[in-house]
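Right, one structure below, let's go through it.
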Amino acid sequence: MEEPEDFQQPTKRKAHLTNVLVLTTLVSTFGSSFQYGYNVAVVNSPAVCLSALRTSLCSNVVPMYLGELSPKNLRGAIGVMPQLFITIGILIAQVFGLRSILANERGWPLLLGLTGVPAIVELILLPFCPESPRYMLIQKGNELGAKAALRRIRGWDDVDDEIEEMRLEDESEKAEGHVSVMHLFSFRSLRWQLLSIIVLNMGQQLSGVNAIYYYADSIYRSAGVKENDIQYVTVGTGAVNVFMTIAAVSIVEAVGRRILLLVGFAICCISCAVLTMSLNLQDKVDWMPYLCITCIIIYVIGHAIGPSPIPYVITTEMFRQSSRPAAFMVAGSVHWLSNFTVGLVFPFLEKGLAEYSFIIFGGICLATFVYIFFVIPETKSKTLNWETGPLLLGDLSTIRKTKYDADCDTFS
């Protein structure tokens, strides 16, 4: 059954969404995260709604575009870059958000105004950026334009192998057409990929990362950190986040996506368990508050190397061109709904369960770890046209291909 053209439009990405090159997409992410970082430092910022809208758009469009541009041997490292610049933006905002710099009565208007600088730079540079070659060839049918864009991005003329890979993907998708979000939920052949990105994005946010930051100040205070010095400890935590994300960029192609996810969620799970114990004993044992601070830092390390950046890379690599935009729409929606849920529910959890609230987050980390271990395959160095199945059920590529063709016939 053919869908109306208007219903398919959400997955037909307009040029102004994908016409972003690596530098400018990172600048865009940096700019939005700068404002978001200010909202972390000063929770009642009047820019919070606009910041959330801009951040949500960038967090979906940037990784998708970078994944389409990147050669497969660098796709993971480049895919982690947006998260790296988000952490850098948050760190810079935390520094400017110190009370001795701009987080004061005279400085906060300037702090808000500075968020417009990266956006202006982005608007100036965007017209000079090429479109995604994969989008131009597969969705627009413009092979000459795709070759020109790919040569400009790669810096060399011989791009025939990559163009041929795109042609093969185009041929395998002709019966499928453009996949809307509703189609995505209906495709049996994509059910494991869809479930996996939902689990990853829920696990990323429901793991308690925002709750950790929410609780951090009181933990620092209980450890004897002076009230005026807590802001500097927070900046130090932000610096750890940056350095560990740099580490993720450096090792993601060597160790793979799956290992980083497993190690990251394992660290977060153990940190939540030890943090719960140390919070309960901090009034009885003198050195327990310092163990609490250590748990927070270790948690940040674990989240930075896997749960924070890798889900975006996995989403890019698990879906083909026609279904990838819809997949990112689903992933982004789950991400921000989970983020909203934690922000809404955690104050009640903290009030009702106190220190034991982190046990829930530890359990979610453990459940996500188990799912990744048994279901999610390694996607490193795969083309964007590969077939995948859940590890738990073994190699289902032949079965999946049959179901994929049947689904395409159903919707054609």
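No gaps in the numbering here: position 152 of the sequence shown is 153 in the numbering used here, and each next residue is one more.
For each residue, glycine too, the CB sits at the ideal point set by N, CA and C.
Rounded distance between the beta-carbons of valine 264 and glycine 307, thought under 8 Å: Position 306 of the sequence shown, counted from the first residue, corresponds to residue 307. Position 263 of the sequence shown, counted from the first residue, corresponds to residue 264. With a Cβ gap of about 6 Å, glycine 307 and valine 264 count as contacting.
Nonlocal neighbours in the same chain, by C-beta distance under 7 Å from arginine 153, ignoring five residues either side: Taking the first residue of the sequence shown as position 1, residue 153 is located at position 152. Closer than 7 Å at the Cβ level, and outside the excluded window around arginine 153, lie Pro131.
Nearest to alanine 328 (by Cα), restricted to the options Gly114, Phe188, Ile268, Pro310: In the sequence shown, counting from the first residue as 1, residue 328 sits at position 327. Out of Gly114, Phe188, Ile268, Pro310, Phe188 has the C-alpha closest to the C-alpha of alanine 328.
Beta-carbon proximity check, leucine 201 vs isoleucine 377, cutoff 9 Å: Working through the sequence shown from its first residue, we reach residue 201 at position 200. Working through the sequence shown from its first residue, we reach residue 377 at position 376. Going by C-beta atoms, leucine 201 is nearer than 9 Å to isoleucine 377.
For valine 63 and valine 414, believed in contact at Cβ under 8 Å, the rounded distance: Within the shown structure, residues of the chain are numbered from 2 to 413, placing residue 414 beyond reach of any answer.
Inter-residue spacing [alpha-carbon to alpha-carbon] between threonine 342 and leucine 276: As a position in the sequence shown, residue 342 is number 341, starting the count at 1. As a position in the sequence shown, residue 276 is number 275, starting the count at 1. When rounded, the distance between both Cα atoms is 22 Å.
Nearest-angstrom beta carbon gap, arginine 222 and threonine 380 [assumed within contact, 8 Å]: Against the sequence shown, residue 380 aligns to sequence position 379. Against the sequence shown, residue 222 aligns to sequence position 221. For a cut-off of 8 Å, the C-beta gap from threonine 380 to arginine 222 is around 43 Å, too long to register as a contact.
Alpha-carbon spacing of isoleucine 294 relative to phenylalanine 244, whole angstroms: By one-based count along the sequence shown, residue 294 stands at place 293. By one-based count along the sequence shown, residue 244 stands at place 243. Roughly 18 Å between the two C-alpha positions.
Assigned secondary structure, cysteine 270 (DSSP; H/G/I helix, E/B strand, else coil): The sequence position of residue 270 within the sequence shown is 269, counting from 1. In the structure shown, cysteine 270 sits in a helix (DSSP, three-state: H, G or I).
Reduced DSSP category for lysine 380 - H, G, I as helix; E, B as strand; rest coil: Along the sequence shown, read from residue 1 onward, the residue named residue 380 stands at position 379. Note that residue 380 corresponds to threonine in the displayed sequence, not to lysine. Correct three-state label for threonine 380: coil.
C-alpha distance - leucine 169 paired with serine 279, whole-angstrom precision: Sequence index remark: in the sequence shown, residue 169 carries index 168 (1-based). Sequence index remark: in the sequence shown, residue 279 carries index 278 (1-based). Near 55 Å, if we compare the C-alpha coordinates of serine 279 and leucine 169.
C-beta contact flag for cysteine 296 and glycine 209 at 9 Å: If you number the sequence shown from 1, residue 296 lands on position 295. If you number the sequence shown from 1, residue 209 lands on position 208. In this structure, glycine 209 does not lie closer than 9 Å to cysteine 296 by Cβ.
Contact set for threonine 369: own chain, Cβ-Cβ below 6 Å, skip 5 residues either direction: For the purposes of this step, residue 369 is identified with residue 368 of the sequence shown, where counting begins at 1. For threonine 369, the CB contacts under 6 Å within the same chain, skipping 5 residues up- and downstream, are Gly204, Phe266 in chain order.
Per-residue DSSP class, three states only, for valine 301: Counted from its first residue, the sequence shown places residue 301 at position 300. DSSP places valine 301 in helix when its eight states are reduced to three.
Residues near glycine 363 in its chain [Cβ-Cβ closer than 6 Å; skip 5 each side]: Stepping through the sequence shown from its first residue, residue 363 is reached at position 362. Correct list, in chain order: Cys270, Cys273, Ala274.
Proximity winner among Arg135, Glu172, His184, Ser181, relative to glutamate 163 (alpha-carbon distances): Here residue 163 refers to the residue found at position 162 when the sequence shown is read from its first residue. Answer by Cα proximity: Arg135.
Assigned secondary structure, glutamine 1 (DSSP; H/G/I helix, E/B strand, else coil): Since the first residue shown for the chain is 2 and the last is 413, residue 1 is missing from the structure and cannot be characterised.
Cβ-based burial, leucine 191 [other Cβ within 10 Å; buried from 16]: Residue mapping note: residue 191 aligns to position 190 of the sequence shown, counting from 1. Label assigned to leucine 191: buried.
Simplified DSSP assignment, three categories, for glycine 209: Walking along the sequence shown from the start, residue 209 turns up at place 208. Three-state result, glycine 209: coil.
Contact check, glutamine 194 vs serine 339, beta carbons under 9 Å: Against the sequence shown, residue 194 aligns to sequence position 193. Against the sequence shown, residue 339 aligns to sequence position 338. Going by C-beta atoms, glutamine 194 is not nearer than 9 Å to serine 339.
DSSP three-state assignment for threonine 369, whether helix, strand or coil: Here residue 369 is taken as the residue at index 368 of the sequence shown, counted from 1. Residue state, collapsed to three classes: helix.
Nearest neighbour of aspartate 158, chosen from Ala149, Glu166, Ile231 [CA to CA]: The count along the sequence shown starts at 1 and reaches residue 158 at position 157. Comparing Cα-Cα distances from aspartate 158 to each of Ala149, Glu166, Ile231, the minimum goes to Ala149.
Coarse secondary structure for valine 346, derived from DSSP in three states: Locating residue 346 in the sequence shown gives position 345, where the first residue counts as 1. DSSP places valine 346 in helix when its eight states are reduced to three.
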